[in-house]
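Numbering (this note's numbering), first residue to last: 35 to 427.
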C-alpha cells in the first residue's frame, strides 16, 4: 500500500466515522481497547492496553484517529488500561466464537471466490447457532459479520462469563465434535437379562435429548422412515448403499425398521444387533462432517481476547463489522449489507496490477489491468485488500 492509497483510505475512514454512530459494548469501561492505525511501516502495529478513559468518547476517538482496525476485549477487568494481564485484574469474559473461511474444510482460498467463501461460512454459522440455541440454550447472544471472511458470536449470559480456559475448551470440543470416534460414546448402557439369555447382555441406547446423540438419532429415524416407505427389494437396496452393511445386514435392518420401528424411535442400537450400531456409526461420521461448526479454538478459549468492534470498519476489506439481528440473518448478504453507504455515492480512479472481478452490492464489477474508474466501494475494497492502489484523479 503506497502513501497515496494509505492517506486516501485513512481520510475516507474518518469521513465514514463522522457519518455514523458506533455503539460501545456492554461494560465498556471495564474492557481493554486496542486499534491498528494506518502506518507507513511494513506489517501492522497494534496499539493496546487502553481503557475507555484513555479512548474517551468513542465517536470522537474514531473520527480523530481514523484507525484501520478497532478492537475491544472479551474480558472485563478491574484496571483494563494496565500494561500487563496480571495487573489488569481479570473479572470475567464474554464467550466469543469465531468462524473464518480460513478454517473451513473444503474451502480453497486460491480457487474459491470471496463471495463463495462467505456463503460457506454463513452455512457454518447456522450450524453453530443450532448448538448455542438448542444444546446450550444461551439467550444473550450477538451475531456479527467480522468485516473480513467470517462471523463472530458474542455470548454474554451470566452463566458463562466466569468460565476458565479449560471449561471454554470443553465447549469448543463439543461444538466441533472432537474425539467422537465411536458412536457408543453417545449412548447409555444397561444390562438386560431375560428368558433364553444365559448371561445378561448390554443394551445401548442413544441419548436422544440433545447434543450429538440427538443429531445421530434424527438421521437414524430419517433412514428408517425412508425405508419404511419402500417395498422390501427397494428398502434393502437402499440400506446396502451404506458401507459395511452388506446383503445380510440390509435384510436384518429392513425387517427391524419395518416391524420394530418403536425401537428406533427410542434410540435402541440393539434393534438389529451389530448392524444398527454400524449404521449409527456411519451416520455419526456424516453428522460430524455436515453439522459440526469448525470454530477457531484460540478465540473461544482466550479470556483476554481482543475482538473487532461492531460498527467499525475492517481495514483489510473496507467493509463494516456488522451486527446482525437474528430475524434478519437468513437474508443477510455481507457483500451488500456490510458495504458502507459512505463509499457508494461516487466513483474514483484506481490502478489494478491485473484483471479481476469483484462482487459487491449485488453486481459483478469487471476490473481491467491498469488505471480505471470504479464505484468507490469497489475501489476501497480492492485497496484495503492490497489488490489496487489509488490513482490520481
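Beta carbons: idealized from backbone N, C-alpha and C, even for Gly.
All figures in this text were calculated on a predicted structure; none of them were measured in a lab.
Excluding five sequence neighbours on each side, which residues of the same chain lie with their C-beta closer than 7 Å to the C-beta of residue i?
i           : result
residue 169 : 244 and 245
residue 47  : 100 and 347
residue 424 : 38, 39, 42, 384 and 417
residue 50  : 347, 374 and 376
residue 184 : 132, 133, 134, 135 and 155
residue 266 : 288
Is it buried or exposed for residue i, if we count other Cβ within 10 angstroms and need 16 for buried?
i           : result
residue 113 : exposed
residue 60  : exposed
residue 147 : exposed
residue 193 : exposed
residue 270 : buried
residue 284 : buried
residue 426 : exposed
residue 94  : exposed
residue 372 : buried
residue 376 : buried
residue 89  : buried
residue 301 : buried
residue 417 : buried
residue 158 : buried
residue 145 : exposed
residue 398 : exposed
residue 394 : buried
residue 247 : buried
residue 286 : buried
residue 370 : exposed
Since residue i and residue j should fall inside the 8 Å C-beta cutoff, what is the C-beta to C-beta distance between them, to a whole number of angstroms?
i           : j           : result
residue 129 : residue 202 : 7 Å
residue 332 : residue 137 : Going by Cβ atoms, the distance from residue 332 to residue 137 rounds to 11 Å, so no, they are not a contact pair.
residue 187 : residue 162 : 6 Å
residue 107 : residue 66  : 4 Å
residue 390 : residue 401 : 5 Å
residue 92  : residue 58  : 5 Å
residue 268 : residue 290 : Incorrect: roughly 17 Å between the Cβ atoms, too far for contact.
Near residue i, what residues of its chain come up, given a Cβ to Cβ distance below 6 Å and the 5 sequence neighbours on each side ignored?
i           : result
residue 172 : 166, 189 and 191
residue 140 : none
residue 26  : Residue 26 lies beyond the stretch modelled for the chain, which goes from 35 to 427, so this question has no answer here.
residue 315 : 217
residue 62  : 86
residue 282 : none
residue 364 : none
residue 335 : 199, 202 and 203
residue 278 : 312
Could you have a look at residue i and say whether DSSP puts it in helix, strand or coil?
i           : result
residue 199 : helix
residue 68  : strand
residue 36  : coil
residue 380 : coil
residue 289 : helix
residue 48  : helix
residue 386 : strand
residue 102 : coil
residue 144 : coil
residue 429 : As displayed, the chain neither begins before 35 nor continues past 427, which places residue 429 out of reach and without an answer.
residue 120 : helix
residue 242 : coil
residue 165 : helix
residue 417 : helix
residue 260 : helix
residue 107 : strand
residue 1   : Outside the modelled stretch of the chain, which goes from 35 to 427, sits residue 1, for which no answer is possible.
residue 150 : helix
residue 214 : coil
residue 89  : helix
residue 95  : helix
residue 275 : coil
residue 229 : Annotation note: pLDDT 46 at residue 229 (below 50); position unreliable, coordinate value reported separately. DSSP places residue 229 in coil when its eight states are reduced to three.
So, for residue i: in the same chain, excluding its five sequence neighbours on each side, which residues have a beta-carbon less than 8 Å away from its beta-carbon?
i           : result
residue 299 : 255
residue 250 : 217, 220, 240, 314, 317, 318 and 321
residue 342 : 103, 104, 105, 178, 180, 181, 186, 348 and 355
residue 111 : 64, 65, 66, 122, 123, 124 and 125
residue 260 : 272
Quick one: does the C-beta of residue i sit closer than 7 Å to a heavy atom of the ligand MG?
i          : result
residue 38 : Summarising the ligand content, the structure contains no ligands, and the ligand MG is consequently not present.
Report yes or no: do three or more beta-carbon pairs, one from the region 345-358 and one from the region 245-257, lie closer than 8 Å?
Touching, no, given that fewer than three Cβ pairs across the two stretches are closer than 8 Å.
Report yes or no: do three or more beta-carbon pairs, one from the region 378-388 and one from the region 211-224, lie closer than 8 Å?
Output reads no: the region 211-224 does not touch the region 378-388.
Is it a yes or a no for the region 292-309 touching the region 65-72, going by three-plus beta-carbon pairs under 8 Å?
The region 292-309 makes no contact with the region 65-72, as fewer than three CB pairs between them are under 8 Å.
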